[in-house]
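Trainee: All the letters of the sequence shown, read from the start, carry residue numbers -25 to -1, 1 to 538 under mature numbering (1 follows the signal peptide of the UniProt record, and there is no 0). Even glycine gets a Cβ: it sits at the ideal position worked out from N, Cα and C. Remember, it's a predicted structure, so these values are computed and weren't measured experimentally.
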Amino acid sequence: MIKRTMMLIPLLLLTLLFVPHQAFAIDFTIPESTIDATLLENGDVSVKETHVYDFDDDFNGLTRTLYQKEYTEITNVEASENGQPLEVEQDGALYKIIRPGSYETVTLNLTYTITNGATVYQDVADFNWSFFDSSGEVPYEDMTVIIHPPAETDDVIAYGKDETFGKETIQEGGTVQYSLGTVSDGSNGFIRVAYPSDLFTNATVVDEEMKETILTNEQEVKDEAAAFTSMQDRLSNFAVIFIPLAGLLLFVLILGSYLKSRQIYKSFEQEYQAAKHIPKQKLSMLATILYTKSTLRPEAMAAGLLDLMRKGFVKEHDTNQFTLIDKEGASKSEQILIEWLFDAIGDGKSFSLQQLESYAKDKKNHEAYQHYDHKWKTAIREEMKEANLLQNKTAYRLTIGLASLIFVPLFVLFPMYDLPMWLFFSILLFIGYVGYAIFYHPRTTEGARIVYEWNQFSKQAATIPAAEMTSWKQDDLMRAIIYGIGTGDKNLKAKNTELEEVFKGQPQAMAAYSFDVTTFIAISVVAQASMNTASSSAAPSSSPSGGSPGGGVGGSGGGSGAF
């Protein structure tokens, strides 16, 4: 059980941790981007963007999303490549640049004007803008944003927020350069630059002062950044201690559970080391198969039919045709299987493997087939549970599950404070704890004994001479054949074939049995093939599902793309 837990946890991790980001139809990167914005004397802003696209795919064109702020307007959008104009189609804030191509590098020049981009007050002209925001779906690998004043000045206020914080450099003459480097998709990039208002001689002036407000906002941004860094450091220091301790505790829990389980199995080794006999029956054959293998393969239905024959409920009256003798005393799962095979598929008294295959191929029977399959397997699981072969660890598992909730706040705090590595490990550990709480079902000593005995029998089957098995009791021999078919165990199935050959060569050996061993083995092979075919034919089909993308933000911002 512990081994299965440790195998299932990585599968859950793969499912949760490696969900891919939104896939794009066109495979490309943007290795270099420069945005050059010049503030004009009338308060407008003339922008020239240069983006280098590296395509590893066929494409029809490029895109740029340009959101505008209230009281501003984006006009005169034009695109070119190497001085040659390109057609631009506008759809709201989305601009499509028509430029088809295939597997090449394209340098796009995009120019436009932000009307009223700078607000001119009595003391300063304020330009605050986001050239990219969280709506962007493609990263920029190396981005530079440059802001030019209408004329040279040394009186400049400049700062940034989020992705642009601390990235500004005020150059000689008042030009401000934001060297951003890699800008990941979904990033926000607010910039704010203020120049003396007397540089904007043709602008409409708002009758109020703004310089002190801008300086106050700049300090607030710095204070927020300092608080962010402080909290980030505290969280990081906490994670350095907490995450390893939580990982160590989980390891100790899993290791301890494994060692306890191993100790129980170890106590059986001496007793069964040289055992070459089939274990005594403590569960029905189908419940035994489910309990020892944790699943019921399609072959289990063939094993169920053979077990009905072993118990005398069913017999073969012709090749691959079966008659119901009696069902008095049959268990719940056996009664369901009888109803399924003889009533739903057969005529109430008999059925054939050919009828089973035809029934399963008819689509109108698929729902009924799946209904019986589920009902039958559920009854087998109920029988297994009623045997009480698992320890009651509800309180222990609940405690572990509740303890895992300590990670939930970290799922908010770690991404909020840009600690992706610790987020990854916290998710990893959370799934580990939850997986442990869900899948930890230790067996009782009796349950462990059943599993150990059957596993030993399966391993040693290859070393048991078939001639020796001909002296086994009839019920033991039939159970060995049934278990091999139901589990799909290669050693046991090979032994069944070997047994068939021995009995064919020594027909006198069958005198001790009330059934024909060779016929029973032949039925097992044919029944297994027929029921695998039926299961495959009646298997439920899956239908594709889809989703719709979202997007769109207000205010300035945008992103780049291709189509």
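Quick check on this structure: which residue in L174, L261, T176 and A362 has the alpha carbon closest to the alpha carbon of R418?
Mentor: Ranking L174, L261, T176 and A362 by Cα distance to R418 puts A362 first.
Trainee: For H123, which of helix, strand or coil comes out of DSSP?
Mentor: DSSP places H123 in strand when its eight states are reduced to three.
Trainee: Please name the residue in A278, I89 and M396 whose C-alpha comes closest to that of A262.
Mentor: Among A278, I89 and M396, the Cα nearest to that of A262 is on A278.
Trainee: If you drop the 5 nearest sequence neighbours on each side, which residues of the same chain put their C-beta closer than 6 angstroms to that of P(-6)?
Mentor: With a pLDDT of 43 at P(-6), under the threshold of 50, the predicted position of this residue should be treated as unreliable, though the coordinate-derived value follows. There are no such residues.
Trainee: If you check the beta carbons only, do Q59 and D182 fall under 8 angstroms apart?
Mentor: Contact flag unset, no.
Trainee: According to the neighbour-count rule (16 or more other Cβ atoms, all chains shown, within 10 Å of its Cβ), is V131 buried or exposed?
Mentor: With 16 or more Cβ atoms within 10 Å of its Cβ, V131 is classed as buried.
Trainee: My output table needs one value for G534: the three-state DSSP class, helix, strand or coil.
Mentor: Looking at G534 - three-state DSSP - the assignment turns out to be coil, as it is neither helix nor strand.
Trainee: Determine the DSSP secondary structure at E184, reduced to helix, strand or coil.
Mentor: Looking at E184 - three-state DSSP - the assignment turns out to be coil, as it is neither helix nor strand.
Trainee: Pick out the complete alpha helix (DSSP H) segments inside the region 265 to 348, 4 residues or longer, and give them in chain order.
Mentor: For the region 265 to 348, whole alpha helix (DSSP H) runs of length 4 or above, ordered along the chain, are 275 to 285, 307 to 313 and 328 to 336.
Trainee: Are the beta-carbon atoms of T38 and T90 separated by less than 8 angstroms?
Mentor: Not closer than 8 angstroms, so no.
Trainee: Pull up the distance between the alpha-carbon of P482 and that of I498, whole angstroms please.
Mentor: Spanning the two alpha carbons is a distance of roughly 18 angstroms.
Trainee: Please go through the same chain and pick out, in chain order, the residues whose beta-carbon is closer than 7 angstroms to the beta-carbon of S511, but skip the five residues on each side of it.
Mentor: Here the set comprises nothing.
Trainee: Hey, quick one: how far does the beta strand (DSSP E) through L364 stretch, first residue to last?
Mentor: From DSSP, L364 is part of no beta strand (DSSP E); its letter is neither H nor E.
Trainee: For the region 4 to 11 against the region 109 to 119, do three or more pairs of beta-carbon atoms, one drawn from each stretch, fall closer than 8 angstroms, so that the two count as touching?
Mentor: Segments in contact, yes.
Trainee: Determine whether the beta carbon atoms of I229 and Y427 lie at a separation below 8 angstroms.
Mentor: No, the pair does not count as a contact, with Cβ atoms beyond the cut-off.
Trainee: Comparing C-alpha positions only, which one of S172, N295, P125 and Y42 sits nearest to D101?
Mentor: For the residues S172, N295, P125 and Y42, the minimum Cα distance to D101 belongs to S172.
Trainee: Starting from the C-beta of A437, find all residues in its chain whose C-beta is less than 6 angstroms away, skip the five residues before and the five after it, and write them out in chain order.
Mentor: Cβ neighbours of A437 beyond the five flanking positions: N466.
Trainee: Suppose the cutoff is 6 angstroms on Cβ atoms and the five residues either side in sequence are ignored; what does the same chain contact list for M359 look like?
Mentor: If we look at M359 and ignore the five residues flanking it on each side, its Cβ neighbours are A262, L265 and Y266.
Trainee: So I5 and H26 are supposed to be a Cβ contact under 8 angstroms. How far apart are they, rounded?
Mentor: Their Cβ separation, rounded to whole angstroms, is 6 angstroms, which keeps I5 and H26 in contact under 8 angstroms.
Trainee: Among all the DSSP beta bridges, which residues are the ones paired with Y87?
Mentor: The partner list for Y87 (beta bridge, DSSP) reads V22.
Trainee: Leaving out five residues before and five after E112 in sequence, what residues of the same chain have Cβ atoms less than 7 angstroms from its Cβ?
Mentor: Closer than 7 angstroms at the Cβ level, and outside the excluded window around E112, lie Q(-4), D160, G534 and G536.
Trainee: Closer than 6 angstroms by C-beta to H123: which residues in its own chain qualify, once you throw out the five before and the five after it? Chain order, please.
Mentor: Closer than 6 angstroms at Cβ, skipping near neighbours: T13 and T150.
Trainee: With distances taken between CB atoms, is the gap from L174 to A221 smaller than 8 angstroms?
Mentor: Going by C-beta atoms, L174 is not nearer than 8 angstroms to A221.
Trainee: Measure the CB-CB distance between A513 and Q329 and report whether it falls below 8 angstroms.
Mentor: No, these two residues do not count as a Cβ contact at 8 angstroms.
Trainee: Is the number of C-beta pairs between the region 432 to 446 and the region 372 to 390 that are closer than 8 angstroms three or more?
Mentor: Taking 8 angstroms as the limit for Cβ pairs, the verdict is that the region 372 to 390 does not touch the region 432 to 446.
Trainee: Determine whether the beta carbon atoms of E473 and A441 lie at a separation below 8 angstroms.
Mentor: Yes, Cβ-Cβ distance for E473 and A441 is below 8 angstroms.
Trainee: Quick check on DSSP: helix, strand or coil for residue 540?
Mentor: Because the chain in this structure spans residues -25 to 538, residue 540 falls outside the shown range and cannot be described.
Trainee: Could you tell me the alpha carbon to alpha carbon distance between H341 and D282, rounded to whole angstroms?
Mentor: Between H341 and D282, the C-alpha separation is close to 25 angstroms.
Trainee: Rounding to the nearest angstrom, what Cα-Cα distance links N17 and S531 in this structure?
Mentor: Each residue's alpha carbon lies about 20 angstroms from the other.
Trainee: Which of the three DSSP states is assigned to D198 in this structure?
Mentor: Here D198 sits in helix by DSSP.
Trainee: Counting only the same chain and skipping the five closest in sequence on each side, list residues whose C-beta sits under 7 angstroms from that of L223.
Mentor: Excluding sequence neighbours, L223 sits near nothing in its chain.
Trainee: For the 8 angstroms Cβ check, are there 3 or more pairs between the region 183 to 193 and the region 362 to 381?
Mentor: No, they do not touch.
Trainee: Any idea what DSSP makes of E473, helix, strand or coil?
Mentor: In the structure shown, E473 sits in a helix (DSSP, three-state: H, G or I).
Trainee: Would you mind reading off the limits of the beta strand (DSSP E) that contains Q503?
Mentor: Segment V492 to S512 is the alpha helix (DSSP H) holding Q503; no beta strand (DSSP E) there.
Trainee: Taking the alpha helix (DSSP H) that W397 falls in, what are its first and last residues?
Mentor: W397 -> alpha helix (DSSP H) spans P395 to F414.
Trainee: When the distance is taken between beta carbons, is T40 closer than 8 angstroms to L83?
Mentor: In this structure, T40 does not lie closer than 8 angstroms to L83 by Cβ.
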